[in-house]
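Structure record follows, encoded as structure tokens.
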Amino acid sequence: QVPSPFELTFSRRVRSPGATAMDARMMQALRRLSDSQSDLERTLGQLQPRQDQALRMMLGGDSDSDDSDLERIMGRLRPRRQDDRSGFSGDLRLTFEYPRGTQLTELARFDVRPEVCMAVGGARHKDIVLAEEGQVATVIGVRDQPPRLFCHMEGLQGAGVFPKGEKLRVVSSLDVLPPGMGNVGRAPSQQHGWLEPTFRYLQGPRGTPHLELFDIRDDMCLKVGGFRHGQVVQCPGGSEHVTIGVRKDDDDNRVHLWFHTRGAPGAGIFEPDVQSKLRSVGVESVRREGGREEEGSFRYPSGLVCSSMDSFDVRPEIYQANVTQLCDMGFPRAEVERCLAAGLNTPGRAVDYLTSGGTASGGASAASADRRRL
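The opening position of the sequence shown corresponds to residue 114 in the numbering used here, with each subsequent residue numbered one higher.
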């Protein structure tokens with residue numbers, strides 16, 4: 114059994130004799146709260162058949178009406194969310210072994226049948242999904258009572274569950290997902306090149322923009338953000354923005370659809386509540402920045418924890434030119450070389466690190482991260 118966050122907090126404290134008794138009482142209260150929640154969920158599960166029967170009678174049918182008609186109507190009445198488990202009530206077949214636990218892991222078994230995963234969480238085993246805030250995860254399977262859909266999110270040690278009410282978007286799928294403890298600490302989505310960044314464009318709605326690569330495939334743009342490359346969208350306030358493409362954010366390793374506000378230096382991202390209010394007002398051609406892949410371009414995964422395919426310019430003359438350019442701006446050569454390495458030999462990123470104090474180990478500062486927002 115994986116310890117709860119409360120239990121981990123208590124186990125790591127240096128306890129005094131007085132604190133030990135207080136901890137014990139608090140743990141008992143937490144366990145009673147957990148038992149009460151389980152009782153409530155069981156009661157709601159027992160009430161669901163009566164709710165379905167009442168709905169059939171309201172629709173003019175009897176208790177033997179077609180379940181598919183009922184499910185279709187119920188789907189129109191409520192959005193599909195992670196805690197909507199009414200679609201599955203059978204026995205689980207726990208056959209697939211995978212590490213369970215976001216920090217401390219143990220080997221657990223999951224039901225990976227497609228119909229079970231879809232009924233419980235709306236996605237299948239091996240699907241790559243995005244959460245509402247852009248976190249990337251791989252669907253593992255279903256376990257526990259009541260059944261819950263477990264996913265391995267990038268940056269965590271093993272499989273866990275998203276918060277209740279989280280909407281997941283399926284953006285891709287893996288061909289093979291190996292079982293066992295070899296997956297600890299590295300989500301399967303990190304080992305699969307599901308993004309295809311080929312379109313070079315300026316990133317950074319304020320400050321100094323820098324060139325990055327974006328995935329502009331129509332299906333990927335629609336799955337991630339609901340708009341195609343080149344679509345012009347309008348905010349409720351009237352400002353217009355051009356859809357560029359999909360890429361993983363360097364600051365938090367989340368995947369977003371990026372837009373270029375008219376007059377801004379480069380592309381940025383919207384907050385989810387703002388993006389949901391965008392509407393399409395037209396289409397226009399978007400000019401690629403910096404030409405196509407240079408002769409000295411080298412593709413390789415980048416990222417110390419969560420990785421993605423990136424493009425590196427390996428020509429020595431380009432590196433030396435970047436060093437000379439930044440040193441001429443007054444920065445010490447040692448700092449310039451360190452920040453160029455942290456910024457993947459991109460002058461724009463290096464300037465962000467030099468001016469904000471970011472390092473290769475610490476990443477960009479909060480001010481630098483904020484400059485990507487529209």
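Heads up, the beta-carbon is just placed ideally off N, CA and C, and yes, glycines get one too.
### Query
So what does residue 360 bridge to, in DSSP terms?
The partner list for residue 360 (beta bridge, DSSP) reads 369.
Between residue 341 and the rest of its own chain, which residues show a CB-CB distance below 6 Å, the 5 nearest in sequence each way excluded? In chain order, 331, 334 place their CB closer than 6 Å to the CB of residue 341, counting only its own chain and leaving out the 5 sequence neighbours on each side.
inquiry  = Less than 7 Å between the beta carbons of residue 292 and residue 210, yes or no?
reply    = Going by C-beta atoms, residue 292 is nearer than 7 Å to residue 210.
### Message
Using the three-state DSSP reduction, which class does residue 391 fall into: helix, strand or coil?
### Response
Residue 391: coil per DSSP, three-state reduction.
- Please determine if the region 253-271 and the region 304-323 are in contact, where contact requires at least 3 C-beta pairs separated by less than 8 Å. The region 253-271 and the region 304-323 do not touch, with fewer than 3 CB-CB distances between them shorter than 8 Å.
ask   = Which value, in whole angstroms, describes the spacing of the CA atoms of residue 235 and residue 279?
value = Between the C-alpha atoms of residue 235 and residue 279 there is a straight-line separation of about 11 Å.
> In the structure shown, what three-state DSSP assignment does residue 374 receive?
Replying inline: Residue state, collapsed to three classes: strand.
Checklist line | Endpoints, alpha helix (DSSP H) assigned at residue 98 | finding: The chain is shown only over 114 to 487; residue 98 falls outside these bounds and no answer can be derived.
Within 7 Å, strictly: CB atoms of residue 343 and residue 396: A contact, by the Cβ cut-off of 7 Å.
Should residue 275 and residue 253 be called a contact, given that it needs their Cβ atoms to be closer than 7 Å? No Cβ-Cβ contact shorter than 7 Å links residue 275 with residue 253.
Exercise. Tell me, please, whether the region 429-439 touches the region 375-391 by the rule of three or more beta-carbon pairs shorter than 8 Å.
Key: The region 429-439 makes no contact with the region 375-391, as fewer than three CB pairs between them are under 8 Å.
message: Which residues does DSSP list as the beta-bridge partners of residue 212?
response: Looking at the DSSP assignment, residue 212 forms a beta bridge with 220.
**Request:** Could you spell out the range, first to last residue, of the beta strand (DSSP E) harbouring residue 253?
**Result:** It spans 249-256 - the beta strand (DSSP E) in which residue 253 sits, taken as one unbroken run.
Next item on the list: Apply the 10 Å Cβ neighbour rule to residue 462 and answer buried if 16 or more other Cβ atoms are within range, or exposed otherwise.
Entry: Residue 462 is buried by the Cβ-count criterion.
Query raised in the report: Among 441, 339, 297, which one has its Cα closest to the Cα of residue 528?
Result: For the chain, the structure presents residues 114 to 487; residue 528 sits outside this window and is missing.
Checklist line | Assigned secondary structure, residue 236 (DSSP; H/G/I helix, E/B strand, else coil) | finding: If DSSP states are grouped into helix, strand and coil, residue 236 belongs with coil.
* Asked: Between which two residues does the beta strand (DSSP E) harbouring residue 285 extend?
  -> Annotation for residue 285: the continuous beta strand (DSSP E) segment containing it runs 282-286.
So residue 394 packs on residue 336, CB below 8 Å; how close in whole Å?
Under the criterion of beta carbons closer than 8 Å, residue 394 and residue 336 do not qualify as touching, at roughly 22 Å.
ask   = Under a three-way DSSP split, which group does residue 433 fall into?
value = Note: residue 433 maps to helix in three-state DSSP.
Collapsed DSSP secondary structure at residue 469 in the structure displayed = DSSP places residue 469 in helix when its eight states are reduced to three.
query = Tell me, which residues are paired with residue 312 by DSSP?
reply = DSSP, once it has assigned bridges, lists 327 as partnering residue 312.
Cβ separation of residue 487 and residue 402, assumed to be a contact under 8 Å, to the nearest whole Å: Taking a contact as a CB-CB distance under 8 Å, the pair residue 487 and residue 402 does not count as one, their CB atoms being some 18 Å apart.
* To do: Measure from the alpha carbon of residue 467 to the alpha carbon of each residue in 321, 391, 204, 356, then state which is nearest.
  => Out of 321, 391, 204, 356, 321 has the C-alpha closest to the C-alpha of residue 467.
Tell me, please, which residues DSSP counts as bridged to residue 273. For residue 273, the beta-bridge partners assigned by DSSP are 264.
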